[in-house]
Structure formats: structure tokens, C-alpha cells
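Heads up: the structure comes next, in C-alpha cells.
There are 2 protein chains.
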Amino acid sequence: MVPLSQPQAHYLFGVMRLAEGAMLSVFDGQNGEWDARVVEANKRRGMLECVEQTKPQTGPPDLWLMFAPIKKARTDFIVEKAVEMGVARILPVLTDFTNAERVRVDRLQAHAVEAAEQCGAVYVPEVAEPQKLAKVLDRWDSFRQIMMGDEAQAGRFAPLTGSVGPWAVLIGPEGGFSPAERDRLAGLDYVQRVALGPRILRADTAAIAALTLWQTTYGDWR
Amino acid sequence: MVPLSQPQAHYLFGVMRLAEGAMLSVFDGQNGEWDARVVEANKRRGMLECVEQTKPQTGPPDLWLMFAPIKKARTDFIVEKAVEMGVARILPVLTDFTNAERVRVDRLQAHAVEAAEQCGAVYVPEVAEPQKLAKVLDRWDSFRQIMMGDEAQAGRFAPLTGSVGPWAVLIGPEGGFSPAERDRLAGLDYVQRVALGPRILRADTAAIAALTLWQTTYGDWR
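Sequences listed follow chains A and B, in order. This note's numbering runs 121 ahead of the 1-based position in the first sequence. This note's numbering runs 121 ahead of the 1-based position in the second sequence.
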């Protein structure tokens, strides 16, 4: 038996108009996906009965997406796409050239839930509080490799190298990284700079393209 | 000397407030990119003088993107992304399960121009009038290979095969292809079905992911 929160009950019974007896798919990130039946339907609460497991629990690859938050709509979009592409953690980073509007982590986390429901994932990546890139790098565990989409490498595409294991994809802000950031990243031996073609990609496009390359090399697309 | 259209003059002098003597980058799809100087600035007309070529003319690879138009905002988005990723032609196709709102080709073409300006391309892909997928296939020149993003292949990723030459990437509608369409496409020897990971991607995500795989295998990202 799974009790529903008030927003869940509102969505299922107020918005979607489900009644008692209706069937739906549920997941909680720990027990796979289940067919569940509505056994109590009120506007403010409700209860589901899990009937049968339909998917085993699987996790995303141990991949983070770090990106510099941009305009609200495109930030929402990057979170949606990161979930579809398959990441374990989404970390907004503030760079020297980030023109950061306020990032509403709770709203981004809600987008991540919706995207997971939409794409058939049975987990929801965590959206972390925004942090300064410099601080993130100060505390970095060098065991986690970084794939950095780098405009300065434009046109010189080479296949992703490195090794299987924890990774993070890092996408810069639309103005690029600052010279200081670029120097620091270039000097880290766990950072691999990757060209994403001869044109300048927007950050959202770059995120999907970089995640595609990673997923087909090291991830769960293989 | 390059005379400006009224909308161009309005944008440069009304919106961007450029004055005589200002410099800007221009391209026409045939002569590369040039630095140009404003020599006449009026609200309804204007004249530029080309000063120096800054990029040679290059074209996109001979790649088409065919996709089933979806909600307006996401269709706009797919056009923008196709330009950034590098395609020669964008062809909206109506499939059995396409819930087609009206497609405004002139508006999509304007989006393509903006995206080209943004990403540093020196050409603008043509946006074709929407056509039924069945008719497009009736008239298909089998010399052009098709890479088809196929949900039914989910999880079974294999590197893109085929050969260098003209290609089209085909992305289905969010409800997938109909069984009849799927059978027909599966029977065509110039169609290659490609899995795009274990999750169900939205059409816009699938387009970018498929274009990434094509560009790194056969395109101008190599």
C-alpha cells in the first residue's frame, strides 16, 4: 500500500480525474516499476495498492552533468534532457562568465521527476544546489573523470578516451569559460577536453551532444 | 555594397541601434563571412560595405533532418538544433501518428536564419514544406541512406554503419511510427535503424542525439 501526498492526490484525482480502481505505473527509485491500483481517491489524499512489478530497479550510470545555469527556460530544458539522456546527478555550477539568475532547485527537481516519468526511467537524478565551479574543483575527487565540452577545440574531434568509472560532463556558459578557468581545467589530468563540431553550440545542445558521446562510449547506451 | 531589406534595416538600426560606421559580420551562403561597415542607416533601408572576408564559404554535410512536427515550441527548437548540429535541409514529415498542428514554414525558416547567425554557420539550411512520409518514401532516391531513430531498438545500441555519402536522419513522432510505417521502413535496404539508449527520448532530444552520432561518424565533426 502506498499513501499519496496531497500534490500527488491533487494531480491524479483533480487533474487527471482517475477514480478508484484505475491502474497506473509507479516507481520510488528503490523497488523498480509497479502496476498499482487506486484504492482510495480523495482530493487531498489517496492510497495505491501495488499489484505487480513491471520493471526491475535499475540505476543511471555514475555520471554527473555540470552546467552553468542560463535563461530559465533553457535551464529547465537542460534538466529535462539530462534525465532522458541518463545521468545520476545534475549540478549547476557558477562560472566566471555565468550571468546567474536565481536557480530554483526545487522547481528543477520537480522537472526532473516529470522527465523521469515521461522517459520511463525508474529513478530521479538529484539536482544539487548551485556551487561555484572553482569550489567544486577545489574539492574534486580525481577518481571522477571530467569530459569538458570545449569551444576552443572546435573542429578537432577525437573519440572520447579515458576509462570506465565515475564521470562528469562539464558544459560551459554561453560566453565560454574564462581564461583562468580554462587554464585550470587544462592542467587537470582527469579532465578531457572534447570538441563538439565546427559550429558554436548553445549550452543545451552541447549538453545533449556530449551526453550522447559519453553514453555510447561508457554508459548504458552500449 | 550590400543593400538591406526593410526588416534587416529595422533590426539593425531600430532594434540594435547601429549607426553609420558600425561594423558587423555578414554572410549570404555563397561568399563566406565578411566584416562589413554600415554606410547608410535609415529605419527602412540601409547599405553595408563589405570590407574583408573573415571565413571561407563552407557548406553543411549533405545531410537532411526529417522529423514529425510536434508542439510549436518543440518544433522551433528542433529547427534551431538542426542548424547548430549541421544539416543541409530540414524536412517536416507527416506520419500516421503525427498530430500535426499547422506548420508555418516561413517562421521556421526565420528560426533557421537566426540559429545560423548564432552558431557561426555561413549557410542557412532550407526548411521544406511538410510532406507525408509515405509520399516522401515513394519518391526516395535510394542513393540517400536513412538513419532512423527507433524506439523498438531501445538498449541495443550498435555503431552506425553504412557508407559516406548523402544521408537523412529520420525521427519519429512522440507516439512512434505506426506498424505499417515501421514495416515499410524495416524493408528498405537503405534504412538503418539505430537505438538511442534504454530510455524513451522526446523527439527533440532524439534529433540531437542522432545528429551527434551521424556527425561524428560521417559528418563535419570528424
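Glycine included, every Cβ here is placed at the ideal spot set by N, Cα and C. Computed from a predicted structure; not experimentally measured.
Practice problem: Starting from the C-beta of T179 (chain A), find all residues in its chain whose C-beta is less than 7 Å away, skip the five residues before and the five after it, and write them out in chain order. | Solution: V243
Quiz item: Can you tell me where the alpha helix (DSSP H) with P213 (chain A) in it begins and where it stops?
Solution: No alpha helix (DSSP H) holds P213 (chain A); the beta strand (DSSP E) holding it covers 210 to 215.
Quiz item: Any idea if K202 (chain B) is buried or exposed, counting beta-carbon neighbours within 10 angstroms, 16 or more meaning buried?
Solution: K202 (chain B) comes out buried.
Quiz item: Leaving out five residues before and five after W185 (chain B) in sequence, what residues of the same chain have Cβ atoms less than 6 Å from its Cβ?
Solution: Around W185 (chain B): R210, L212, A289.
Quiz item: What's the gap between the Cα of E170 (chain B) and the Cα of V234 (chain B)?
Solution: 21 Å
Exercise. Give the DSSP bridge partners of R165 (chain B), in chain order.
Key: For R165 (chain B), which the question treats as bridged, DSSP gives no partner whatsoever.
Quiz item: Should R165 (chain B) go down as buried or exposed, given a rule of 16 or more other Cβ atoms within 10 Å for buried?
Solution: exposed
Exercise. If I'm right that Q172 (chain A) touches A189 (chain A) with Cβ under 8 Å, what's the distance once you round it to whole angstroms?
Key: A small correction: the amino acid at residue 172 (chain A) is Val; Gln does not occupy that position in the sequence shown. The pair is not a contact, with the Cβ atoms about 44 Å apart (cut-off 8 Å).
Quiz prompt | 8 Å contact criterion, which Q336 (chain A) and G241 (chain A) should meet: CB distance rounded | solution = Going by Cβ atoms, the distance from Q336 (chain A) to G241 (chain A) rounds to 15 Å, so no, they are not a contact pair.
Practice problem: Express the C-alpha separation of D149 (chain B) and V123 (chain B) in angstroms, rounding to a whole number. | Solution: CA-to-CA, the gap between V123 (chain B) and D149 (chain B) works out to about 10 Å.
Exercise. For I329 (chain B), return the contacting residues in chain A, with the cut-off set at a CB-CB distance below 7 Å.
Key: T326, I329, A330
Practice problem: Entirely within the stretch 297 to 337 of chain B and at least 4 residues each: give me those alpha helix (DSSP H) ranges in chain order. | Solution: 300 to 307
Practice problem: Would you give the residue range spanned by the beta strand (DSSP E) that V147 (chain A) belongs to? | Solution: 144 to 148
Practice problem: Can you say whether A330 (chain A) is buried or exposed, counting buried as having 16 or more other CB atoms within 10 angstroms of its CB? | Solution: buried
Quiz item: Going along chain B in order, which residues have a C-beta closer than 7 Å to the C-beta of K202 (chain A)?
Solution: T326
Exercise. Would you list, in chain order, the members of the stretch 231 to 246 of chain A that have their beta-carbon closer than 7 Å to a beta-carbon of chain B?
Key: C240, G241, A242
Quiz item: By how many angstroms is the C-alpha of V204 (chain A) removed from the C-alpha of M136 (chain B)?
Solution: Note that residue 136 (chain B) corresponds to Val in the displayed sequence, not to Met. So the two alpha carbons sit approximately 38 Å from each other.
Quiz item: What's the gap between the Cα of D310 (chain B) and the Cα of Q129 (chain B)?
Solution: Going by the C-alpha atoms only, they are around 46 Å apart.
Quiz item: Using a Cβ-Cβ cut-off of 6 Å (strictly less than) and excluding sequence neighbours within five positions of R143 (chain B), which residues of its own chain qualify?
Solution: Looking at the sequence shown, residue 143 (chain B) is not Arg but Ala. Taken in chain order, the residues that qualify are V159.
Quiz item: Can you check whether the CB of P294 (chain A) is closer than 8 Å to the CB of I191 (chain A)?
Solution: Taking 8 Å as the cut-off, the beta carbon of I191 (chain A) is found closer than this to the beta carbon of P294 (chain A).
Exercise. Specify the secondary structure class of A233 (chain A) as computed by DSSP and reduced to three states.
Key: helix
Quiz item: Across which residues does DSSP place K202 (chain A) in a beta bridge pair?
Solution: DSSP output for K202 (chain A) lists no bridge partner at all.
Quiz item: Closest by CA to T282 (chain B), which one among B:M168, B:G308, B:Y339?
Solution: B:Y339
Self-check item: Residues near V248 (chain B) by beta carbon distance below 7 Å, same chain, minus five either side
Solution: Once the five neighbours on either side are set aside, the close Cβ partners of V248 (chain B) are V200, I211, V226, L229, Q230, A233.
Self-check item: For T196 (chain B) and D325 (chain B), the rounded distance between their alpha carbons
Solution: Across the structure, D325 (chain B) and T196 (chain B) are spaced so that their CA atoms are roughly 8 Å apart.
Exercise. With DSSP as the reference, label P181 (chain B) as helix, strand or coil.
Key: coil
Quiz item: Can a CB atom of chain A be found closer than 8 Å to the CB of R303 (chain B)?
Solution: no
Quiz item: For G270 (chain B), which three-state DSSP category applies?
Solution: strand
Exercise. List the DSSP bridge partners of K253 (chain A).
Key: A:L215
Quiz item: Do we get a CB-CB distance below 8 Å when we pair G293 (chain A) with the residues of chain B?
Solution: Not one chain B Cβ lies under 8 Å of G293 (chain A).
Self-check item: CB contact check: E161 (chain A) to chain B, cutoff 8 Å
Solution: No, E161 (chain A) does not count as interfacial toward chain B.
Quiz item: Under a CB-based cut-off of 8 Å, is D341 (chain A) close to chain B?
Solution: So, interface residue.
Exercise. Assign L145 (chain B) to buried or exposed, taking buried as 16 or more other Cβ atoms, counted over all protein chains shown, within 10 Å of its Cβ.
Key: exposed
Quiz item: Comparing alpha-carbon positions, which option in A:G167, A:I321, A:L334, A:V312 lies nearest W261 (chain A)?
Solution: The candidate whose alpha carbon is nearest that of W261 (chain A) is A:V312.
Quiz item: Secondary structure at F264 (chain B), three-state DSSP: helix, strand or coil?
Solution: coil
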